[in-house]
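Have a look at the structure below, then the notes.
In UniProt numbering, the protein residues as written are 1 to 455.
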């Protein structure tokens, strides 16, 4: 969660301070070495070990710049790509363009508005390094479906020990990851329930990560690893439950619903425009604006009203932020409105209409790429399932952003999905080439008939 300046409330105790626990440092050194040496297919393992088992508080301060372990690992990963020339297949596409464009705007707008001497320059530069470093690392690593399926297997297997830590936390009320710093030792309680968070900065982030990861885990189903998928998804669901947060639960419902839309995928456009038309009709037929439905649903409990206050405040105070973002914050929008738990509104407050449009445009391009791929006639049935699963994962993140502002290691899940989407043309084309290479050559007419060969 962030305030209007984009500062996480859960980072204030350890930001701008070197924090190195011997155990965390050992995990970093092993992960960095592994990332440099293992075959490309297994490079996702050290990345997600850091993501899931090391808190973001573990960091080095170098010349005033924060380098948390994931940022360090991203730099090591890019070094690996350069050494092994794993960028040779790279061809710029529209996903790359939109990621870079959004990053530039998100960096430039606050710096221009507040000035480079305000300290925001270093903060936004770190943001840009994280975005481009993680995105392009995954972009270079995913070169065929086996690479993508290794990510699926990685998350499914790691979900098992992570869920064990969450089970221990939910039964004892103590977070073992707190020993690394930056996390509360005593698990917070809300409405009588422990809100377990593991190595994540907040319980909502932990639940949202695993809710959006479930479609990726499910990709193993079509590789006949159904027991692994079952264990992985059950463990992910337990983590969502242990987080005691409504936003991850909403994400689970969203991804399950989106998964079943595969069977009517030809009519998704009709559903999409039907929803838009329904919202327009409701807006003009209701006494309150249509976004008041957020408060009426009650699905998020007391948080539903807070989400409504944020959306209503962003609309009614449009004049404050539309040009280049807001310098006066959001606290005056309503009760507790300084806590901006909506990442779309964070985009608006940070960089105005342009940054919000770039972010939404990136999401639209992601779904356009998935839609274009799913309509390919040379796509096998198994490939269509996996492409759809990637789209469902992207949809899960898009739903999450209505209820939480990402920070910390959860971003790795989104950039991994982006990296897969950006590589979809190559993944499908490479698989088609492999299938096309199996061409039957008729036997010759010689007296000793030779067996047909496979080119």
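Don't be surprised by glycine CBs; every beta carbon is placed ideally from N, CA and C.
Euclidean distance between Cα positions of residue 3 and residue 323:
Because residue 3 sits at a pLDDT of 48, beneath the cut-off of 50, its placement in the model cannot be relied upon, and the following sentence gives the value as read from the coordinates. About 19 Å.
If you run the structure through DSSP and keep just helix, strand and coil, what is residue 123?
helix
Please state whether DSSP places residue 441 in a helix, a strand or coil.
Bear in mind that the predicted position of residue 441 carries a pLDDT of just 40, short of 50, making it unreliable; the figure below should be weighed with that in mind. It is coil, neither helix nor strand.
Within the chosen definition, does the stretch 112 to 119 reach the stretch 84 to 91 through at least 3 CB pairs nearer than 8 Å?
Short answer: they don't touch.
Helix, strand or coil: which one does DSSP assign to residue 57?
coil
Among 328, 370, 138, which residue has its Cα nearest to the Cα of residue 393?
Among 328, 370, 138, the Cα nearest to that of residue 393 is on 370.
Grouping DSSP H, G and I as helix and E and B as strand, with all else coil, what is residue 41?
helix
Inter-residue CB distance, residue 56 and residue 182 (contact presumed, cutoff 8 Å)
6 Å
By DSSP, does residue 19 sit in helix, in strand, or in coil?
Here residue 19 carries a strand assignment [DSSP, helix/strand/coil].
Could you check which residue in 418, 314, 341, 242 has the C-alpha nearest to that of residue 99?
418
Compare the Cα-Cα distances from residue 138 to each of 276, 47, 211 and report the closest residue.
47
Does the separation of the CB atoms of residue 466 and residue 313 fall below 8 Å?
The chain is shown from 1 up to 455; residue 466 falls before or after that span and cannot be answered.
Exposure of residue 297, with buried meaning 16 or more beta-carbon neighbours within 10 Å:
exposed
Alpha carbon to alpha carbon, how far is residue 187 from residue 162?
16 Å
Just curious, the alpha helix (DSSP H) that residue 96 is in, first and last residue?
94 to 114
Residue 147 by DSSP, collapsed to three states: which one?
helix
Drop a sphere of 10 angstroms on the beta-carbon of residue 306, count the other beta-carbons inside from all chains shown, and report buried for 16 or more, exposed for fewer.
buried
In this structure, how does DSSP classify residue 372 when only helix, strand and coil are distinguished?
helix
For residue 21 and residue 412, I'd like the C-alpha separation in whole angstroms.
22 Å
For residue 265, which residues does DSSP report across the bridge?
None; residue 265 has no bridge partner.
Along the chain, where does the beta strand (DSSP E) that runs through residue 67 open and close?
65 to 68
In angstroms, rounded to a whole number, what distance separates the CA positions of residue 11 and residue 377?
Reliability of the predicted coordinates at residue 11 is poor, the pLDDT of 44 falling under 50, and no value is obtained from them.
Mind checking which residues open and close the alpha helix (DSSP H) that includes residue 472?
No information on residue 472 is available, as it lies outside the stretch 1 to 455 that the chain covers here.
To the nearest angstrom, how far is it from the Cα of residue 354 to the Cα of residue 226?
44 Å
Consult DSSP for residue 189 and reduce its assignment to one of helix, strand or coil.
strand
Candidates 270, 237, 243, of which the one nearest residue 156 by Cα
237
Please report the Cβ distance between residue 194 and residue 244, rounded to the nearest whole angstrom; I am assuming they are in contact, meaning their Cβ atoms lie under 8 Å.
6 Å
DSSP-derived helix/strand/coil call for residue 229
helix
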